[in-house]
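Here the structure is laid out as structure tokens; the discussion comes afterwards.
In this note's numbering, the protein residues as written are 33 to 111.
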């Protein structure tokens with residue numbers, strides 16, 4: 033519930049927790065269960081949610097390129 037409140041998206045939180053559980057199964061089989069498994073899962077889920085937000089982030093392109101950017105593009109464009 034904390035993740036869904038923190039990120040404002042229940043589906044994102046649910047997916048992040050599910051991925052964290054899968055990661056835990058793999059990591060814990062290899063290295064053993066950590067001293068605080070709840071903290072491990074919480075941190076993994078939080079990182080998964082942040083990664084998903086970063087992957088889905090869109091940055092709009094500027095309306096118009098500045099002359100300096102055009103000069104740089106021209107310098108590095110063959111031909």
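Glycine residues also receive a C-beta, built at the ideal position from the N, C-alpha and C atoms.
Please read these numbers as outputs of a predicted model, since none were measured by experiment.
- Taking residue 73 as the centre and dropping the five residues before and after it, the same chain places the C-beta of 49, 52, 53 and 56 closer than 8 Å to its C-beta, in chain order.
- Taking 8 Å as the cut-off, the Cβ atoms of residue 44 and residue 71 do not count as close.
- In the three-state scheme derived from DSSP, where H, G and I count as helix and E and B as strand, residue 89 is classed as coil.
- With a contact defined as Cβ atoms closer than 8 Å, residue 77 and residue 39 miss out at about 10 Å.
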